[in-house]
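Working notes, structure below.
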Amino acid sequence: MKTCLTALISSLMIFSPMAYADKWSDQFPHIKATGDIPGDCSYEKMSKKNYKGKTLKINTHAIPVMGEPTALHAEQFEKLTGAKVEVTHTPAGDLYSKAMVPFQAGQAPYDVVFGFSNFINDWKRYLAPVPKKYMNSPEMKDVTKSHMGVSSWDGTMYQYPVDGDRHYLKYRKDVIDNPEMQKKYKADTGNELRVPRTWKEYAQMAKYFNDWDWDGDGEKEYGSAEVMKKDDLMFAAFFSRSVAYAKNPRTPGGFFFDLETMKPNINNPGFVEALTDWVEATKYVPPGGTNFGLGDEIGSFGGGQTLFSFSWDDAFIAAMQDDSPIKNKVGAAPLPGADRVWNRVSNSWENQYNQAPYIVWGWAVGVAKKSKVKDMAFDYLCFFSNGANHQADLAIGRFGVNPFKNSDFDPNIYINSMGWDPEIANSYTQTLLDMEKSNNRVFPLRVPGVFEFTSAVATGTSKALAGQLSPQEALDEVAKEWEAIVSRVGKKAVQDAYAVGVKMEDNKL
Amino acid sequence: MNFKHKYFFLFPGLFVLIGILIFPIIFVVRLSLSGWNSYNPGLDYIGLENYIRLFTDDPRFWESFFRLSFLSVTTVILQYVIGFALAHMVWKDIKFKRFFRVLFLVPMMTTPVIMTVIWRTFFHESLGPVNDLLSVFGVAPKWLTDPVIAKFTVIIVEVWQWTPFMFLLLLAGLLSLPKEPFLAAAIDGASPVRKFIYVTFPLMAPISIGAIIIRLIEASKIMDTVYVLTSGGPGTSTETSSFYIFIKGLREFQMGYAASMSFTYLIIMIISLTIIAKVLTKVLLKE
Chain A
18 MKTCLTALIS
28 SLMIFSPMAY
38 ADKWSDQFPH
48 IKATGDIPGD
58 CSYEKMSKKN
68 YKGKTLKINT
78 HAIPVMGEPT
88 ALHAEQFEKL
98 TGAKVEVTHT
108 PAGDLYSKAM
118 VPFQAGQAPY
128 DVVFGFSNFI
138 NDWKRYLAPV
148 PKKYMNSPEM
158 KDVTKSHMGV
168 SSWDGTMYQY
178 PVDGDRHYLK
188 YRKDVIDNPE
198 MQKKYKADTG
208 NELRVPRTWK
218 EYAQMAKYFN
228 DWDWDGDGEK
238 EYGSAEVMKK
248 DDLMFAAFFS
258 RSVAYAKNPR
268 TPGGFFFDLE
278 TMKPNINNPG
288 FVEALTDWVE
298 ATKYVPPGGT
308 NFGLGDEIGS
318 FGGGQTLFSF
328 SWDDAFIAAM
338 QDDSPIKNKV
348 GAAPLPGADR
358 VWNRVSNSWE
368 NQYNQAPYIV
378 WGWAVGVAKK
388 SKVKDMAFDY
398 LCFFSNGANH
408 QADLAIGRFG
418 VNPFKNSDFD
428 PNIYINSMGW
438 DPEIANSYTQ
448 TLLDMEKSNN
458 RVFPLRVPGV
468 FEFTSAVATG
478 TSKALAGQLS
488 PQEALDEVAK
498 EWEAIVSRVG
508 KKAVQDAYAV
518 GVKMEDNKL
Chain B
410 MNFKHKYFFL
420 FPGLFVLIGI
430 LIFPIIFVVR
440 LSLSGWNSYN
450 PGLDYIGLEN
460 YIRLFTDDPR
470 FWESFFRLSF
480 LSVTTVILQY
490 VIGFALAHMV
500 WKDIKFKRFF
510 RVLFLVPMMT
520 TPVIMTVIWR
530 TFFHESLGPV
540 NDLLSVFGVA
550 PKWLTDPVIA
560 KFTVIIVEVW
570 QWTPFMFLLL
580 LAGLLSLPKE
590 PFLAAAIDGA
600 SPVRKFIYVT
610 FPLMAPISIG
620 AIIIRLIEAS
630 KIMDTVYVLT
640 SGGPGTSTET
650 SSFYIFIKGL
660 REFQMGYAAS
670 MSFTYLIIMI
680 ISLTIIAKVL
690 TKVLLKE
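Listed in order, the protein sequences are those of chains A and B. The first sequence runs 18 to 526 under my numbering. The second sequence runs 410 to 696 under my numbering.
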């Protein structure tokens, strides 16, 4: 039944736009590719609302990532409903505190607050749950199970889904699939040149294709672009490299901690192996690559500087935009795996192939519980992610809006409205879809004081990358800090919250 | 006559003083005795727990403090030397004196965060123009990714940004010096070097002490340069006290603990700057 419903919605979203295209896309060129798409929060429906004399205050990220679509949809919402929408743009690092300080003081200077999905545990007591009306809408029914879980806390949705994030591998298809390159690589290394199945293969290929002009553009290219800058989302990159070694499907009960004892797993041999690989990776990133933030990573891979990259969708979308020098020359694949995986129960390595998707945290947005215009706020969010806006936003890499609906996994969207090569569109959507189907997924840590935990990881791993500590020493330091945080926050509080995430990872939610 | 009513006139000033100076400090002290954080908002009372943690279990704070001491002392010494040289240059009658006076002040008038973004672009190791130029000589320093060089990159940006402030104070000092000692030195046939060592420098000592102390206070708060340029990295090699307090307070939202660090830092700075001022006075004024 669910599959039929999804298929119906997908068909509606893909094929029905043409009938409405003329009416709304003249006024709102942003949706010119599809026109309005029928739904509870379509342009048509929103135009019938009257919010004249009411003001909606939004705190969002700086332009462009998420800030630009927020402002754009605010302007559209104003035109359609007569509301006044005030948008404040805030740097990513300050989104948490900018909402949290007034929240804790019992104020609500913003009706709508943007942040990251892993803020949910700290923010949920200050946010209004998404009303049933929206939960039952066809658009919401189209949201993937993973992202329903990411936006919710133990069954109650506090964050309105506007974005879907996961980390996956991006590679230069024109190199990896090039028969001449494959022959040369085989001759020089004795190995096959293919989409890397393991991080060790990734490293071998990245090293081989490092520091020489392999695409003949007159400039040197490098092996890999990664987020390695301290405190700039680097901990997420580290977790992406760790899942293959440390997320064992045969040992449920916690990836980050042992749920029963709340002892951190972060310094077990699986994580240490991943950090050792990462330290090695400093040798095949572009000059200055160890100071790359997300923007640098997107610019580097998207600009054709590296063979590989992994993290959020943005680098892939940037590479596939019309103005990219490598449009239709890139491929998407699951994160590399490992030939062995750590078993934390038997305290030993299992010598078998393991791969685990990382459904990383991404953009999230909620409505303040103390807001006086909650209806309008939810209508705005529903409008933000309506079919037409969502499809148009997906096509613009800098917007930071990525697939989170089942209908997003239809390759025709990318082929027809974005001009993607069918083979690439298929590999992209299949990669994302496979992650949704996997039973060995890792979800972001969402416990009280989450920033203390992730900040400790960023500090520890950056010390290892800088050579200040060995991988084992660095992660021992992180584990010690995590134990101290658990003790400060309270073991029970962290354990209860972590149990919710573990249920998702163990496929019980 | 009874003049007691005169005290009423003190109230507005006193009120402002309490509001903007005393209250925030008292609030920080009270906050430092609480466990306020993201999961436990509110001014509960946990005694000296935060201070005990700071003094017994947080080597990172002390490492960042010693790093800060190195960065601020080095930058201020460089700013003083360069600022004095520039001020001395435009104090003399040289061509385009006014132009240079304005030119030397330009870096200070720019917005530090914006300028640091530009410096970061300059020093970008694969895309920046600095290494592009240096590649002609076959060198490509790791400006932002080598733990040692990154410290000097921070120093370069800080010196560029704030030398004009030192220049301004020292130029004002030079312009206010009496002419008589210089005339006497000229009559005695003193060379320019001897004139500088025995006349200019001693006469400038009081203003030099003031300028150095003001800059040390400012330099010890270095935050935006580190935040934009390196985020305290690679590793923790450029992390300073204020940046570390920022991370604990506004990133990790450990408000109580960050307040205890801020208050401890304030006390350390008051003590150390008082000692530095005394030592400078003793050395430069030979008191």
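Cβ atoms here follow ideal geometry from the backbone N, Cα and C, with glycine treated the same way.
For the beta strand (DSSP E) holding glutamate 648(B), just list the boundary residues, first then last. Here glutamate 648(B) belongs to no beta strand (DSSP E), and DSSP marks it neither H nor E.
My assumption, with CB atoms under 8 Å, is that phenylalanine 470(B) sits in contact with leucine 463(B). Please give the rounded CB distance. So it is a contact: roughly 6 Å between Cβ atoms.
Would you call the CB atoms of tryptophan 216(A) and alanine 253(A) closer than 8 Å? In this structure, alanine 253(A) does not lie closer than 8 Å to tryptophan 216(A) by Cβ.
Tell me, which residues are paired with lysine 242(A) by DSSP? Here residue 242(A) turns out to be alanine, not lysine, going by the sequence shown. According to DSSP, residue pairing for alanine 242(A) in a beta bridge involves Ser326(A).
Run through DSSP, which three-state label would leucine 495(B) get? Leucine 495(B) falls in the helix class under three-state DSSP.
In whole angstroms, what is the alpha-carbon distance linking glutamate 538(A) and phenylalanine 652(B)? In this structure chain A extends from 18 to 526, so residue 538(A) is not present and cannot be described.
Enumerate, from N- to C-terminal direction, the unbroken alpha helix (DSSP H) stretches of 4 or more residues contained entirely within the region 87–135 of chain A. Listed in chain order, the alpha helix (DSSP H) runs fully inside the region 87–135 of chain A are 109–121, counting runs of at least 4 residues.
C-alpha gap between glycine 641(B) and threonine 649(B), whole angstroms: Between the alpha carbons of glycine 641(B) and threonine 649(B) lies a gap of roughly 7 Å.
Please determine, among Pro46(A), Ser168(A), Phe255(A) and Phe136(A), the residue with the shortest C-alpha to C-alpha distance to leucine 482(A). Just measuring C-alpha positions, the residue of Pro46(A), Ser168(A), Phe255(A) and Phe136(A) sitting nearest leucine 482(A) is Phe255(A).
Take the Cβ of lysine 69(A) as the centre, count every other Cβ of all protein chains shown within 10 Å, and call the residue buried at 16 or more, exposed below. By the neighbour-count rule (16 or more Cβ atoms within 10 Å), lysine 69(A) is not buried but exposed.
Anything in the region 145–159 of chain A with a Cβ closer than 8 Å to a Cβ of chain B? List those residues in chain order, please. Listed by position along the chain: nothing, the set is empty.
Sorted by chain position, which residues of the same chain lie with C-beta nearer than 8 Å to aspartate 633(B)'s C-beta, five sequence neighbours on each side aside? Taken in chain order, the residues that qualify are Pro521, Val522 and Thr525.
Verify the CB distance criterion: does asparagine 284(A) have a CB-CB separation below 8 Å to chain B? Chain B, which has no Cβ nearer than 8 Å to the Cβ of asparagine 284(A), makes this no.
Determine, using beta carbons only, whether alanine 549(B) comes closer than 8 Å to chain A. The Cβ of alanine 549(B) sits closer than 8 Å to at least one Cβ of chain A.
Is there a Cβ of chain A sitting closer than 8 Å to that of arginine 660(B), yes or no? The beta-carbon of arginine 660(B) is placed less than 8 Å from the nearest beta-carbon of chain A.
Chain A contact for isoleucine 656(B) (CB, 8 Å cutoff): So yes, isoleucine 656(B) belongs to the interface.
Cross-chain neighbours of glutamine 485(A) in chain B, by beta carbon under 9 Å: Correct list: Pro556, Pro643, Gly644, Thr645 and Ser646.
Below 8 Å, can you find three or more Cβ-Cβ pairs linking the region 231–246 of chain A to the region 297–305 of chain A? With the cut-off at 8 Å, the region 231–246 of chain A and the region 297–305 of chain A touch.
Can you check which of these residues, Gly665(B), Arg624(B), Phe574(B) and Leu495(B), is closest to isoleucine 461(B) by C-alpha distance? Minimum Cα-Cα distance from isoleucine 461(B) among the listed residues Gly665(B), Arg624(B), Phe574(B) and Leu495(B) corresponds to Gly665(B).
Beta-carbon proximity list for methionine 152(A), same chain, < 7 Å, skipping 5 on both sides: For methionine 152(A), where only same-chain residues beyond five positions count, the Cβ hits under 7 Å are Met174.
Proximity to methionine 670(B) [Cα-Cα], best of Phe417(B), His414(B) and Thr465(B): By alpha-carbon distance to methionine 670(B), the top candidate from Phe417(B), His414(B) and Thr465(B) is Thr465(B).
Leaving aside the five residues before and after leucine 487(B) along the sequence, list all residues of the same chain whose C-beta is less than 6 Å from its C-beta, in chain order. Cβ neighbours of leucine 487(B) beyond the five flanking positions: Val568.
Environment of histidine 414(B) [buried if 16+ CB atoms lie within 10 Å]: With a 10 Å radius around the Cβ and a threshold of 16 neighbouring Cβ atoms, histidine 414(B) comes out exposed.
Near asparagine 67(A), what residues of its chain come up, given a Cβ to Cβ distance below 8 Å and the 5 sequence neighbours on each side ignored? Here the set comprises Thr98 and Gly99.
Are any of the Cβ atoms in chain A nearer than 8 Å to that of asparagine 459(B)? With a threshold of 8 Å between beta carbons, asparagine 459(B) makes no contact with chain A.
What residues from chain B crowd round serine 326(A), counting only those whose CB sits closer than 8 Å? Chain B residues near serine 326(A): none, gap ~14 Å exceeds 8 Å.
Restricting to Cα atoms, I'd like to know which of Val511(A), Asp523(A), Asp232(A) and Glu197(A) is closest to threonine 278(A). For threonine 278(A), the nearest C-alpha among the options comes from Val511(A).
Would you identify the three-state DSSP class for phenylalanine 395(A), choosing helix, strand or coil? Three-state result, phenylalanine 395(A): helix.
Phenylalanine 493(B) versus Phe610(B), Phe508(B) and Asn446(B), residue with shortest Cα-Cα distance: In this structure, Phe610(B) is the residue among Phe610(B), Phe508(B) and Asn446(B) with its C-alpha nearest to the C-alpha of phenylalanine 493(B).
Report the residues of the region 480–507 of chain A with a CB closer than 7 Å to any CB of chain B, ordered along the chain. Flagged, chain order: Lys480, Leu482, Ala483, Gln485 and Val506.
Please determine if the region 456–468 of chain A and the region 358–365 of chain A are in contact, where contact requires at least 3 C-beta pairs separated by less than 8 Å. Contact check between the region 456–468 of chain A and the region 358–365 of chain A: fewer than three CB pairs, one atom from each, fall below 8 Å, which does not count as touching.
Is it right to say tryptophan 229(A) is buried, meaning 16 or more other beta carbons lie within 10 angstroms of its own, or is it exposed? Under this definition tryptophan 229(A) is an exposed residue.
Any beta carbon of chain A sitting closer than 8 Å to that of histidine 533(B)? Judged by the 8 Å Cβ criterion, histidine 533(B) is in contact with chain A.
CB-CB under 7 Å to lysine 386(A), same chain, minus the five flanking residues each way: which ones, in chain order? Contacts found: Tyr143, Leu144 and Ala145.
With a 10 Å radius around its C-beta and 16 neighbouring C-beta atoms as the bar for buried, classify lysine 150(A) as buried or exposed. With a 10 Å radius around the Cβ and a threshold of 16 neighbouring Cβ atoms, lysine 150(A) comes out exposed.
Mind listing which residues of the region 84–105 of chain A have their C-beta closer than 7 Å to chain C's C-betas, in chain order? Absence of chain C from the displayed structure is noted, the protein chains being A and B.
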